[in-house]
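Enquirer: Here it is: the structure, laid out below.
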Amino acid sequence: MRTEKRISMINVAVLGYGTVGSGVVEVLTTNSDSIAKRAGDTINIKYVLDLRDFPGEPIEKVLVHDFDTIINDDEIDIVIEAMGGTEPAYTFAKASLERGKSYCTSNKELVAKYGPELLELAKEKGKNFLFEASVGGGIPIIRPLNQSLTADEIMEITGILNGTTNFILTKMSKEGLTFDEVLKEAQELGYAERNPAADVEGYDACRKIAILSSLAYGKHVDYEEIYTEGITKITDTDFKYGEKLGLTIKLFGKSKRVGDKFYAMVAPFMISSDNPLYSVNDVLNGILVKGNVIGDVMFYGAGAGKLPTASAVVADVVDAAKHIKTNIMTLWSSKKLNLDDIKNSEKRFFVRLKGDAKERETELKEIFGDIKVITLDDVKGEFGVITPVMSEAKYEEAASKASGIITRIRVESV
Ligand code: HSE
0 MRTEKRISMI NVAVLGYGTV GSGVVEVLTT NSDSIAKRAG DTINIKYVLD LRDFPGEPIE
60 KVLVHDFDTI INDDEIDIVI EAMGGTEPAY TFAKASLERG KSYCTSNKEL VAKYGPELLE
120 LAKEKGKNFL FEASVGGGIP IIRPLNQSLT ADEIMEITGI LNGTTNFILT KMSKEGLTFD
180 EVLKEAQELG YAERNPAADV EGYDACRKIA ILSSLAYGKH VDYEEIYTEG ITKITDTDFK
240 YGEKLGLTIK LFGKSKRVGD KFYAMVAPFM ISSDNPLYSV NDVLNGILVK GNVIGDVMFY
300 GAGAGKLPTA SAVVADVVDA AKHIKTNIMT LWSSKKLNLD DIKNSEKRFF VRLKGDAKER
360 ETELKEIFGD IKVITLDDVK GEFGVITPVM SEAKYEEAAS KASGIITRIR VESV
């Protein structure tokens, strides 16, 4: 009988046996006893869904190729999805919740696009839609935002939210390797997205800051409205200037409340060693949250990879098992949060220009104001400047008057 089954077992189905899905199976198997104690029930993997066959592997006996087997099985309590992409994940998530099954996912595309709708459906059905692994890999950040930082108004979030790009930037900075060499290594280690543009163009970080901002500010932040710039234009020369200035380069996802306005963006930033995110290296992620009561809180850990991500997914499974008949409230309304144009946000800019620093200093002071000039002994025919704090709009206006700009990178002042 169903009530008797509840006492001894929670049945789950894992959708996708790739990097994360196989990690979930490994974690549920390796730590089954401690997980059962924490969940209050044994977690039984009844099905694994994948299009491929895995002859000789232990999951072979639970492998199915058809989602209908899972959705039509009333014994399945929790569906775990690690496929990525919005389809068929959205169809599967909706169907699962509608049939009274909780849904735990690492899929940031799904959460960023359909989060409010699926949360609402879960609430209606008294089930749960959980997505701890969608941001920050193994780092607990969704649950803290939902359940711990509830006394605060969140004022600002700054995160290194993409493990692949942080791995690439760290290797470029410390080992002088080229972009392509390091990307290949990140792919081999299982960090990178199937389409590497999602990582290196900043799209992945964009979805993640949209998810965090929606939870922090309580209204839906549309990722498609977030200004997003990736790391493809960053070169080893930029790191050389950075080194001379005592700065390194990190890809940040940021959002900020200023009065009644909200800004969000993804872009590479030059940061100094005073910044708590300076030492977040390799595949690690760091997320700095500023609350109006608590001040700064930082979350740090493995941002990608099989087992760290699986750890966060399984933590959701434990939570879903503990709340098998109760919806865990999440403050993420479908009402849209209007983002202000980042052109009004202020910061310093590092600019590389062609020519001779001495010859151009006066001209550039007239254009940008009180600049700091940097030259490198081994880089000829160009130099760098750091501008005073100015709005993005003012910078654009000034930059249009300066000839020979090679590149510009935003500078994060602490
Ligand atoms: N490609 C992602 C990253 C995976 O590198 O952070 C984790 O979301």
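Quick note: the sequence shown, position 66, residue 65 per numbering that gives the first Met the number 0, numbers continuous. From the three backbone atoms N, C-alpha and C, an ideal C-beta is built for every residue, glycine too. Note that the structure is predicted; figures quoted are calculated from it, not measured.
1. Tell me the DSSP bridge mates of Leu211?
2. Sort out for me which residues DSSP pairs Ile159 with in a bridge.
3. Which of helix, strand or coil does DSSP assign to Thr236?
4. Any idea if Lys112 is buried or exposed, counting beta-carbon neighbours within 10 angstroms, 16 or more meaning buried?
5. Which complete beta strand (DSSP E) runs does the segment 341 to 410 hold, if anything under 3 residues is left out?
6. Taking 6 Å as the limit between beta carbons, can you name the residues of its chain near Asp315, skipping five residues before and five after?
7. In chain order, which alpha helix (DSSP H) runs of at least 4 residues are fully inside the segment 48 to 105?
8. Between Asp420 and the rest of its own chain, which residues show a CB-CB distance below 7 Å, the 5 nearest in sequence each way excluded?
9. Quick check on DSSP: helix, strand or coil for Gly15?
10. Using only the alpha-carbon positions, how far apart do Leu287 and Asp295 sit?
11. How would you call Gly99, buried or exposed, if buried means at least 16 neighbouring beta carbons within 10 angstroms?
12. For Ala92, which of Ala12, Gly55 and Ile167 has the nearest alpha-carbon?
13. Could you check if Asn274 is buried or exposed, using at least 16 other CB atoms within 10 Å of its CB as the buried criterion?
14. At the level of alpha carbons, what is the spacing between Asp221 and Lys335?
15. Mind reading off the beta-carbon distance from Leu160 to Ile248? Whole number of angstroms is fine, and I expect it under 8 Å.
16. DSSP three-state call for Asn10: helix, strand or coil?
17. Tell me, please, whether the segment 18 to 30 touches the segment 302 to 313 by the rule of three or more beta-carbon pairs shorter than 8 Å.
18. In angstroms with no decimal places, state the Cα-to-Cα distance between Lys364 and Asp355.
19. Determine the closest residue to Arg256 out of Thr374, Gly20, Asn343 and Ile370, with distance taken between C-alpha atoms.
20. Using a 10 Å radius around the Cβ and a threshold of 16 neighbouring Cβ atoms, would you call Thr18 buried or exposed?
21. Can you tell which of Leu211, Val181 and Ala35 has its C-alpha closest to the C-alpha of Val134?
22. In this structure, does DSSP put Arg5 in helix, strand or coil?
23. Taking 7 Å as the line, does the beta carbon of Lys107 fall inside it for any heavy atom of ligand 1?
24. Around the Cβ of Pro54, are there at least 16 other Cβ atoms within 10 angstroms (buried) or fewer (exposed)?
25. Identify, in the order they occur along the chain, each residue of the same chain with its Cβ nearer than 7 Å to the Cβ of Met389, setting aside the five sequence neighbours on each side.
26. Using DSSP bridges, identify the partner residues of Met264.
27. By DSSP, does Met328 sit in helix, in strand, or in coil?
28. Assign Glu174 to buried or exposed, taking buried as 16 or more other Cβ atoms, counted over all protein chains shown, within 10 Å of its Cβ.
Expert: Based on what the coordinates show:
1. Leu211 pairs with nothing; no bridge assigned.
2. Gly285
3. helix
4. buried
5. 345 to 353, 371 to 373, 381 to 385 and 404 to 410
6. Cys103, Leu129 and Glu131
7. 66 to 70 and 88 to 97
8. One cannot answer for residue 420 here, as it falls past the ends of the chain, which runs 0 to 413.
9. coil
10. 7 Å
11. exposed
12. Ala12
13. buried
14. 7 Å
15. Wrong, their Cβ atoms sit about 15 Å apart, outside the cutoff.
16. strand
17. yes
18. 14 Å
19. Asn343
20. buried
21. Leu211
22. Confidence is the limiting factor: at Arg5 the pLDDT is only 46, short of 50, which leaves the residue's position unreliable, though a coordinate-based value still follows. Arg5: helix per DSSP, three-state reduction.
23. yes
24. exposed
25. Glu345
26. Tyr226 and Lys253
27. coil
28. exposed
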